[in-house]
Every structure is written in C-alpha cells, then in structure tokens.
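S.K.: For what it's worth, UniProt numbering labels the leading residue of the sequence shown as 1, then goes sequentially. Note that the Cβ used here is the ideal one computed from N, Cα and C, for glycine as well. No experiment lies behind these values; they were computed from the predicted model shown.
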Amino acid sequence: MIEYLAYVIFVTVSWMMSIYGFNFYYLFFRSLNNKNSKQLIIKNSNSSNGYNGDCNGNGDGKGSGEEVLNQNYNHTYDYDLNPPYVTIQLPIYNEKYVAERLIKAVCKMDYPKDRMQIQVLDDSTDETREICAELVEYYKARGYRIEHIWRRNRAGYKAGALKEGLKKADGEFIAIFDADFVPPPWFLKRVIPYFADKRIGLVQCKWGHLNEDYSTLTQAQALSLDFHFTVEQKAKSLTHLFMNFNGTAGVWRRSCIDDSGGWHVGTLVEDLDLSYRAQMKGWKCVYLDDVVINAELPVQINAAKRQQYRWAKGSIQCAIKLLDKIILSKHLSIDTKIQAFIQLTRHVVHPLLLIQFLLLPLLLAMNYNIYPIQSAPLSPLIAYAILGPGFYMYVIRRLWPDRWFSRVKAYFFLILFFTGISVSNTIAVFDALLGSRSEFHRTPKFGIVKKWEDWRGKDYVLPFTKTTLLEIFFAGYGIVGIFISIFNGNAVYAPLLALQTSGFIYIAALSISHSIFNNRGRVDNGAGGRVRDESSINIKVDYSYVGRIEKGREGGKDKSNGKGRDKEREIEAGVGYSMKHYKLVLGGILALLMFGVVMAYIGYASSVYPLEKARGYIAVAVTSNSPTTMLEYVLEIEQLVPENGNPVWVFPTPKTDFGMMHKSLDEIKERLRVIATLPRDSEAFNTGMSDVRGQLAQLEDNIREAVPYVYVSFQNVVLSAIWITVILAIFTLMKRGKARIERFEDVESERVGNNNN
1 MIEYLAYVIF VTVSWMMSIY GFNFYYLFFR SLNNKNSKQL IIKNSNSSNG YNGDCNGNGD
61 GKGSGEEVLN QNYNHTYDYD LNPPYVTIQL PIYNEKYVAE RLIKAVCKMD YPKDRMQIQV
121 LDDSTDETRE ICAELVEYYK ARGYRIEHIW RRNRAGYKAG ALKEGLKKAD GEFIAIFDAD
181 FVPPPWFLKR VIPYFADKRI GLVQCKWGHL NEDYSTLTQA QALSLDFHFT VEQKAKSLTH
241 LFMNFNGTAG VWRRSCIDDS GGWHVGTLVE DLDLSYRAQM KGWKCVYLDD VVINAELPVQ
301 INAAKRQQYR WAKGSIQCAI KLLDKIILSK HLSIDTKIQA FIQLTRHVVH PLLLIQFLLL
361 PLLLAMNYNI YPIQSAPLSP LIAYAILGPG FYMYVIRRLW PDRWFSRVKA YFFLILFFTG
421 ISVSNTIAVF DALLGSRSEF HRTPKFGIVK KWEDWRGKDY VLPFTKTTLL EIFFAGYGIV
481 GIFISIFNGN AVYAPLLALQ TSGFIYIAAL SISHSIFNNR GRVDNGAGGR VRDESSINIK
541 VDYSYVGRIE KGREGGKDKS NGKGRDKERE IEAGVGYSMK HYKLVLGGIL ALLMFGVVMA
601 YIGYASSVYP LEKARGYIAV AVTSNSPTTM LEYVLEIEQL VPENGNPVWV FPTPKTDFGM
661 MHKSLDEIKE RLRVIATLPR DSEAFNTGMS DVRGQLAQLE DNIREAVPYV YVSFQNVVLS
721 AIWITVILAI FTLMKRGKAR IERFEDVESE RVGNNNN
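#1: Report the rounded CA-to-CA distance for N211 versus K613, giving the unit in angstroms.
#2: How is the beta strand (DSSP E) around T87 delimited, first residue to last?
#3: How would you label F595, buried or exposed, when you count the other beta carbons within 10 angstroms and need 16 or more for buried?
#4: Any chance the CB of E705 is under 8 angstroms from a heavy atom of the ligand MG?
#5: Could you tell me the alpha carbon to alpha carbon distance between R442 and Y7, rounded to whole angstroms?
#6: Classify W15 as buried or exposed, calling it buried when 16 or more other Cβ atoms lie within 10 Å of its own Cβ.
#7: What's the call for D226, buried or exposed, on a 16-neighbour Cβ count within 10 Å?
#8: Tell me, please, which residues DSSP counts as bridged to A295.
#9: By the 10 Å Cβ neighbour count, where 16 or more other Cβ atoms means buried, how is S315 classified, buried or exposed?
#10: In the DSSP output, what is H240 paired with across the bridge?
#11: Along the chain, where does the beta strand (DSSP E) containing M116 start, and where does it finish?
#12: Relative to the C-alpha of Y460, which candidate in D335, Q300 and S406 has its C-alpha closest?
#13: Exposed or buried, W452, counting other C-beta atoms within 10 Å across all chains shown (16 or more means buried)?
#14: Drop a sphere of 10 angstroms on the beta-carbon of A509, count the other beta-carbons inside from all chains shown, and report buried for 16 or more, exposed for fewer.
#15: Tell me the residue span of the beta strand (DSSP E) that contains A175.
#16: Counting beta carbon pairs with one atom in the region 107-115 and one in the region 181-194, are three or more of them shorter than 8 angstroms?
#17: If you count every other CB in all the chains shown that lies within 10 Å of the CB of G160, and 16 or more means buried, which is it?
#18: So, at 7 angstroms on beta carbons, what are the nonlocal neighbours of T468 in its own chain, with the 5 sequence-adjacent residues on each side left out?
#19: So, helix, strand or coil for residue 769, using DSSP?
#20: Using the beta-carbon count (16 or more within 10 Å), is A684 buried or exposed?
#21: Comparing C-alpha positions only, which one of T465, Y138, P351 and V492 sits nearest to V429?
#22: Can we say the region 410-420 touches the region 255-274, given the rule of at least three CB pairs closer than 8 angstroms?
#23: Shortest alpha-carbon distance to K189 belongs to which of Y85, V449, F391 and S255?
#24: Let's test the definition: count the other Cβ atoms within 10 Å of the Cβ of V291 and tell me whether it reaches 16, buried, or not, exposed.
#25: So, is Y4 buried or exposed, given that buried needs 16 or more other C-beta atoms within 10 angstroms?
#26: Does the region 121-130 come close enough to the region 231-247 that 3 or more CB-CB pairs lie under 8 angstroms?
#27: In the structure shown, what three-state DSSP assignment does K663 receive?
#28: Measuring CA to CA, which of A498, Y25, I637 and W207 is closest to Y609?
#29: The alpha helix (DSSP H) spanning V348 covers which residue range?
#30: Which residue comes first and which comes last in the alpha helix (DSSP H) that contains W252?
#31: Let's test the definition: count the other Cβ atoms within 10 Å of the Cβ of V620 and tell me whether it reaches 16, buried, or not, exposed.
#32: Bridge partners of I200, per DSSP?
#33: Can you name, in chain order, every residue of its own chain whose Cβ lies under 6 angstroms from the Cβ of residue 758, other than the five neighbours on each side?
#34: How is the alpha helix (DSSP H) around residue 758 delimited, first residue to last?
#35: By alpha-carbon positions, which one of I342, L332 and G21 ends up nearest to G282?
#36: Hey, quick one: how far does the alpha helix (DSSP H) through P708 stretch, first residue to last?
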C-alpha cells in the first residue's frame with residue numbers, strides 16, 4: 001500500500017511538472033506567431049529629436065522619424081516637442097558600491113531638466129546615505145530637480161519607499177530603477193512615446209547584463225532572465241495575457257498606479273502584485289524586447305539564492321492574494337486565467353522536483369514496476385525530457401543563432417542552478433503557504449563588471465547558511481540513488497539522477513567556496529570599494545582613521561587601557577586563527593562530504609548490493625529445469641543473504657527476518673537434492689520443481705521487501721546522525737569565528753570613534 005501511494009505521488013508530480021514545462025513551449029510559439037498583432041505607429045515631428053535609435057545602448061538616439069511597433073494597438077500618435085513631466089524613482093538600501101553609478105547614469109538622461117524629477121529613495125543605514133546626499137547636492141547645484149528622501153525606518157521596505165516617494169512625485173509618468181541598473185541616456189525618449197495609447201499603464205523594458213561572462217553562475221542567471229523576457233514577457237505583451245512588471249527598468253503611468261490601488265506592502269514582490277492588479281482593472285502592460293537596460297547580476301551564490309528566494313516566496317504570496325479574484329473574474333478569458341495561475345504558482349515546481357527526486361530512488365530500491373514500457377510510468381521520463389535539454393536547445397538556436405554554442409554551455413549550468421536552488425526555493429514556497437512573515441532582504445551588489453574584479457573582502461558578502469546542509473544531503477542522497485538505479489537494473493534513470501545530483505553538488509560547492517568569515521570591507525577597501533575615474537565627484541567620506549589605527553599599532557601606542565588592549569589582543573588572536581584556518585575548515589567540509597560518499601558506497605556494496613545480487617540469482621534459478629543448476633544458485637544465494645537479523649528494527653515482521661530466509665533456503669536445498677534423484681518425466685519431479693520455483697519466488701518477494709529497510713537500518717541512521725552532527729559542529733565553529741571578527745570590528749569602530757573625538 002505504501003509503495004503504491006508513493007508511486008501515485010511520483011507519477012502525479014511528474015505530470016504536474018510536465019504541465020509547467022509545456023507552458024514554456026506554448027509561450028515560445030506564441031512569441032513567434034505575432035502575425036495577427038496590430039501596430040502602434042509613432043510619428044515624430046522632427047527626426048532629430050532623439051525618440052528613435054539603437055535601443056541596445058550603441059546608437060546616438062536619432063532615428064528616421066517614424067517607428068512601427070508590433071503591439072496589439074492601432075493608433076497614430078503625433079509626438080510634439082513638449083515632452084511630459086517624468087518622475088524617476090531610485091529605491092536604494094545600503095548600495096555603496098553601485099549607488100553613484102546609478103545616480104550619475106540617471107542624471108545623464110537626454111531629457112529636459114525642467115521636465116524630469118529625480119527621487120533618491122534612500123533607506124540606507126551605512127555610508128551609502130552620505131554618498132547619495134553628496135551626489136544629490138552636486139547635481140542639485142547644477143540645475144537638476146533631484147531630492148534625497150531618507151527614511152528612519154524601512155517600513156514596507158521597497159514598496160514603502162516607492163509609496164513614500166509617490167506622495168512627493170509630480171510626474172505624469174513614474175520611471176523606476178533599482179541600484180544595480182545603468183539606464184542609457186536615450187531611455188525616456190525611447191519609452192515615453194509608447195504611452196500615446198491611453199490604455200497603456202506600464203512599459204517594461206528588457207534587462208541586459210553588465211557582467212554576464214563573469215562566471216558560470218552569472219551566465220546561468222543571464223540565460224534564465226533572457227528566457228523570461230524574450231519568450232514569456234514578449235508572448236504575453238503581444239497578446240491579451242497578463243504580464244508582470246519586473247520591479248525596475250520600466251515606466252508607469254501615474255494614474256494607473258493610483259487607479260490600481262497603489263503600492264501594497266503585504267508581499268515581497270510588490271511589482272508583480274501591482275502589475276496584476278492594474279491589468280485586472282483593464283490597463284494594458286507593454287514589454288519592449290528591443291529596449292535593453294543593463295544591470296549587474298549577483299556574483300555570489302548566496303546573493304543569487306536570496307534573490308530567487310524572494311521571488312519564489314513573493315510569487316506564492318501573490319497567488320494567495322490574487323488568484324481567487326482572477327479565477328472568479330467574469331471579464332477575463334480562460335487562457336488568461338490559466339496563464340495567470342501558472343505564472344503565480346510556477347515556483348511550486350521546486351518542491352515538486354524535490355519530491356520526485358526523493359521518491360525515485362526509493363521506488364527503484366523497492367523494485368517497484370516503473371519501467372518506461374508502461375504508459376503511466378513513462379511520465380517521469382516525459383517530464384525530464386520536457387524540462388531537459390532537447391527543446392530548449394531548439395529555442396536557443398532560434399533566439400540566438402550567433403551565440404548558440406556559448407548559450408548551450410550556459411544552459412547546462414542553468415540546469416544545475418535551477419536544480420540546486422530547489423532547496424532554498426522550496427523553503428520559500430512553504431514559508432509563503434504557512435504565512436510566515438520575513439524581511440525584504442535585498443540582493444547584495446558589489447559593482448562587479450569585469451571578470452578580473454573580486455567581490456571577496458567587501459561589505460555585504462553573505463555568510464554560510466544552513467540551507468547548504470540540506471543541499472549537501474540531497475547531493476549525497478542523489479549519489480546513493482545513482483548506485484541504486486544502476487545495480488537494480490534501471491540504469492535509464494541514472495543519467496537523470498546524475499544531472500539533478502550534479503545541480504545540488506554545484507550549488508553546495510559554490511555555497512561553501514563563496515562563504516566568507518572576514519567581512520572587513522569597511523577597513524580594507526579605502527574608498528568603500530568604489531572605483532573612480534578622474535572626473536569622479538569628490539564624495540567626502542572620511543577614511544583617514546584607518547591610517548591612524550595602523551600608525552598607532554606600528555608605534556606601539558594605544559590610548560586604550562591595558563586591560564582593554566589585552567581583550568583586543570585576545571579577539572585579534574581569534575580573528576587570526578579564524579583566517580588562518582579558513583581554507584582548512586572548507587577542506588574539512590569537503591573531506592567530510594567525500595567521506596560520506598565513500599561510506600554510502602561501502603554501505604551499499606556491503607549491505608544492499610548482495611541482496612540485489614541474490615534476487616538476480618533467484619530470477620535466473622527459476623528459469624532453470626535442472627535441479628542441480630538450481631541448487632548451485634541456491635548455494636550462492638545462501639552466501640549473499642545475512643545469516644540472521646531483521647532490517648525492520650521498529651515492529652519487525654517474520655517476512656523480513658534473514659534467519660527465516662535461511663531456513664527456507666535449507667528446505668529448498670533438501671528438496672532439490674531429493675528431486676535430483678527422481679526421473680525427469682515423472683509427476684513427482686515436475687511437481688517438486690514447481691513447488692521450488694514457488695518457494696524461490698516467495699523468497700525473492702521477502703528480500704525485495706527487506707531491501708528498503710536496509711537503507712534505514714539502525715546502524716545507517718546512527719552513522720548518518722554522526723555525520724550530520726559533525727557538519728553542524730563545523731558550521732557552529734564557523735559561526736563562532738565570524739562572531740570573533742564582528743567583535744573585533746566593534747572594538748575597532750569604538751576606537752575610531754574615540755580617536756576622532
């Protein structure tokens with residue numbers, strides 16, 4: 001009964017995953033099939049006014065004076081030279097490495113100063129606040145309408161900041177850019193004309209990537225985002241389907257925001273929430289595939305996981321909040337409702353993937369009949385094929401023929417990335433379903449653009465997280481599953497398990513290698529990590545105390561009293577110890593992982609494989625017509641089955657008792673010896689052989705039922721507990737090392753304050 005229930009869940013999950021996979025392909029073909037879309041024609045009264053040009057940031061912003069835009073509209077708009085008033089909102093929170101880059105880029109907009117209002121919505125608690133304040137004063141003195149809006153608390157987080165800024169916004173249109181984006185000068189002149197149609201409430205632009213080639217991690221994220229924009233957003237924009245605002249690189253019509261209820265702070269994805277509410281009100285959202293705004297991708301895996309976690313949890317929160325209204329709406333079409341449901345719930349694929357990943361090795365170990373020759377069990381293979389490389393390579397070939405090879409390489413790492421983050425995103429999904437409230441954790445940015453630039457040692461680097469332990473568990477579990485699929489004669493599933501296991505290994509390895517103890521960027525990076533050119537604005541942030549500290553150390557002088565200095569030396573010693581042994585600790589974790597893999601292999605080879613081999617001998621023995629040959633196989637089986645014991649250590653049953661199996665084998669041996677003396681054409685011979693085959697079949701069934709319990713034997717449970725305990729102990733030591741450094745930094749900060757006073 002338990003086996004059948006697991007099988008039903010397994011097949012159901014497979015088909016559910018297939019549906020989400022099929023939907024991507026459906027949207028891909030919808031994005032290509034836009035022959036029936038009408039056109040919006042924008043006519044400029046002067047071809048030199050800059051409203052056309054290269055939307056990828058390479059042109060001068062000048063065009064032919066007329067542009068045909070494939071959208072579902074049929075309007076002609078005579079754009080005059082009196083552009084509308086625009087408010088640009090820049091939500092910022094502790095972004096000292098990229099805030100200057102963003103503000104300078106926005107202030108270079110090719111748009112009349114008197115028609116452009118810039119709001120720096122700054123919730124920062126570090127030196128970012130001073131950086132923003134100095135920049136605002138600099139540009140304000142040069143005639144820009146720019147203001148620095150700082151809040152003492154982060155009420156509502158990003159949505160709260162946007163909501164606060166909207167109270168002071170004068171613009172008819174609201175442009176929004178996150179801190180990691182670099183909008184080009186021609187942005188507003190390219191986007192604002194689309195609002196000629198009064199139905200348009202939002203124009204969303206495509207994200208570009210400043211650092212796509214930095215690592216395999218950034219390449220995978222870039223491809224994932226490109227799939228989203230070039231396929232999903234494009235298909236929905238060309239049809240009546242709901243698309244979403246991506247939180248940045250877009251422009252809203254102010255009246256649309258107000259009509260839709262404004263920014264709500266109840267979810268982690270205020271952008272998705274508002275865009276859906278706007279479309280439910282009848283507003284149209286437009287996506288521009290040829291207007292690309294470059295942004296910085298997360299370079300640290302923990303930052304990428306944090307971003308994905310926020311998106312996953314926020315999407316489920318929006319599903320809980322909006323789906324009932326969407327489904328019950330009378331004016332929305334069926335396909336719109338279906339697509340809205342799929343988009344809002346798309347992140348449930350992650351827990352579904354984990355469920356399938358956990359169940360497959362168990363079903364294989366129990367030798368449940370999931371061979372692909374049957375129609376229903378074929379579904380897991382179909383699911384993997386749909387979510388696998390075949391069709392995606394075709395999509396890549398169609399979308400990026402000139403970059404096909406590099407994008408296929410990125411797709412391989414995208415598979416690993418998607419699988420590995422399933423652990424973190426599954427936690428996010430259940431957090432949302434359980435109504436857990438969590439802070440809006442921003443994604444750290446380090447101003448990393450070139451491949452040779454390094455983010456380690458800077459502020460905002462995220463530490464090792466406990467989620468990595470779960471990723472390690474799934475990696476080890478997958479390795480065991482691969483052995484099970486091979487030795488159980490289901491090798492067809494080995495590549496699938498290997499691919500998913502590689503994803504968990506990839507993310508776990510990155511999580512370990514990207515974790516850091518010493519986060520001393522405030523001291524070590526003289527200018528806060530900001531790279532400046534000669535034309536850079538002089539931001540007055542005092543770092544001179546660093547030299548004073550070092551000078552005091554060299555001269556052996558310190559204003560601290562003796563006891564306090566002794567305490568500081570003790571802390572510094574702890575810091576030195578932590579840094580000295582950082583690589584050793586990471587090596588120890590990797591060694592433990594390898595030890596766990598080796599022990600899992602040894603355990604399988606010594607406990608499970610002999611039983612599987614015995615089942616194989618039974619399968620061959622029952623096909624033999626010679627009692628002598630059958631006896632030889634029975635003797636081999638006798639050597640493989642343990643002499644005594646019962647793997648079911650909680651409520652054991654006689655059926656799985658190895659001692660009872662040996663008694664059955666002894667009885668079979670005696671019967672075979674007797675049968676061997678009988679004539680082959682006698683009735684007694686045939687009856688005896690039939691009875692022996694029945695006994696062997698029953699024995700095979702008993703062994704099959706015992707195998708799953710061998711995996712969770714008392715010994716294996718104890719060893720696994722010890723292994724996990726050791727890893728947790730190392731994690732605790734890492735936390736203590738980080739605590740020492742934080743205490744040291746507190747002492748340094750206090751000393752700096754005393755010296756400055």
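M.R.: Working from what's here:
#1: The sequence position of residue 211 within the sequence shown is 211, counting from 1. The sequence position of residue 613 within the sequence shown is 613, counting from 1. Using only the alpha carbons, I get a separation of about 52 angstroms.
#2: Translated into the one-based positions of the sequence shown, residue 87 becomes position 87. Counting along the chain, the unbroken beta strand (DSSP E) around T87 starts and ends at V86 to I92.
#3: Position 595 of the sequence shown, counted from the start, is the residue given in the question as residue 595. Burial call: exposed.
#4: Summarising the ligand content, the structure contains no ligands, and the ligand MG is consequently not present.
#5: If you number the sequence shown from 1, residue 442 lands on position 442. If you number the sequence shown from 1, residue 7 lands on position 7. Taking the straight line joining both Cα atoms gives about 40 angstroms.
#6: Position 15 of the sequence shown, counted from the first residue, corresponds to residue 15. Result: exposed.
#7: Here residue 226 is taken as the residue at index 226 of the sequence shown, counted from 1. Of the other Cβ atoms in all chains shown, 16 or more fall within 10 Å of the Cβ of D226; this residue is therefore buried.
#8: Position 295 of the sequence shown, counting from 1, holds the residue named residue 295. Beta-bridge analysis with DSSP links A295 to F181 and H209.
#9: Residue numbering aside, residue 315 sits at position 315 when the sequence shown is read from its first letter. By the 10 Å Cβ count, S315 comes out buried.
#10: Within the sequence shown, the letter at position 240 stands for residue 240. The partner list for H240 (beta bridge, DSSP) is empty, contrary to what the question assumes.
#11: One-based indexing of the sequence shown puts residue 116 at position 116. Counting along the chain, M116 sits inside the beta strand (DSSP E) bounded by residues M116 to D122.
#12: The sequence position of residue 460 within the sequence shown is 460, counting from 1. The shortest C-alpha separation from Y460 is found at Q300.
#13: As a first step, residue 452 is located in the sequence shown; it is residue number 452 there, counting from the start. With fewer than 16 other CB atoms across the displayed protein chains lying within 10 angstroms of its CB, W452 is exposed.
#14: Numbered from its first residue, the sequence shown carries residue 509 at position 509. Of the other Cβ atoms in all chains shown, 16 or more fall within 10 Å of the Cβ of A509; this residue is therefore buried.
#15: Position 175 of the sequence shown, counting from 1, holds the residue named residue 175. Where A175 is concerned, the enclosing beta strand (DSSP E) stretches over F173 to I176.
#16: Touching, yes.
#17: By 1-based counting over the sequence shown, the position of residue 160 is 160. Buried: at least 16 other Cβ atoms inside 10 Å.
#18: Position 468 of the sequence shown, counting from 1, holds the residue named residue 468. So the qualifying residues of the chain are A508, S511 and I512.
#19: Because the chain in this structure spans residues 1 to 757, residue 769 falls outside the shown range and cannot be described.
#20: Residue numbering aside, residue 684 sits at position 684 when the sequence shown is read from its first letter. Counting Cβ neighbours within 10 Å, A684 comes out exposed, since fewer than 16 surround it.
#21: Locating residue 429 in the sequence shown gives position 429, where the first residue counts as 1. Checked all of T465, Y138, P351 and V492; the closest Cα to V429 is P351.
#22: Using a C-beta cut-off of 8 angstroms, the region 410-420 makes no contact with the region 255-274, since fewer than three inter-stretch Cβ pairs fall below that distance.
#23: Numbered from 1 along the sequence shown, position 189 holds the residue referred to as residue 189. The option with the nearest alpha carbon to K189 is Y85.
#24: Here residue 291 refers to the residue found at position 291 of the sequence shown. By the neighbour-count definition (other C-beta atoms within 10 Å, threshold 16), V291 is a buried residue.
#25: Here residue 4 is taken as the residue at index 4 of the sequence shown, counted from 1. Y4 should be labelled exposed.
#26: Segments in contact, no.
#27: For the purposes of this step, residue 663 is taken as the residue at position 663 of the sequence shown. Helix, per DSSP.
#28: Working through the sequence shown from its first residue, we reach residue 609 at position 609. When each option's Cα is compared against that of Y609, the closest is I637.
#29: Start at 1 with the first residue of the sequence shown, and residue 348 comes out as number 348. V348 -> no alpha helix (DSSP H), and no H or E assigned at all.
#30: Numbered from 1 along the sequence shown, position 252 holds the residue referred to as residue 252. Taken as a continuous stretch (DSSP letters only), W252 belongs to no alpha helix (DSSP H), being part of the beta strand (DSSP E) at G250 to R253.
#31: Here the question's residue 620 lines up with position 620 in the sequence shown. Residue environment for V620: exposed (fewer than 16 other C-beta atoms within 10 angstroms of its C-beta).
#32: Within the sequence shown, numbered from 1, the residue matching residue 200 stands at position 200. Answer is K284.
#33: As displayed, the chain neither begins before 1 nor continues past 757, which places residue 758 out of reach and without an answer.
#34: The chain is shown only over 1 to 757; residue 758 falls outside these bounds and no answer can be derived.
#35: Position 282 of the sequence shown, counted from the first residue, corresponds to residue 282. Of I342, L332 and G21, the residue nearest in Cα terms is L332.
#36: By one-based count along the sequence shown, residue 708 stands at place 708. Per DSSP, P708 belongs to the alpha helix (DSSP H) from E683 to Y711.
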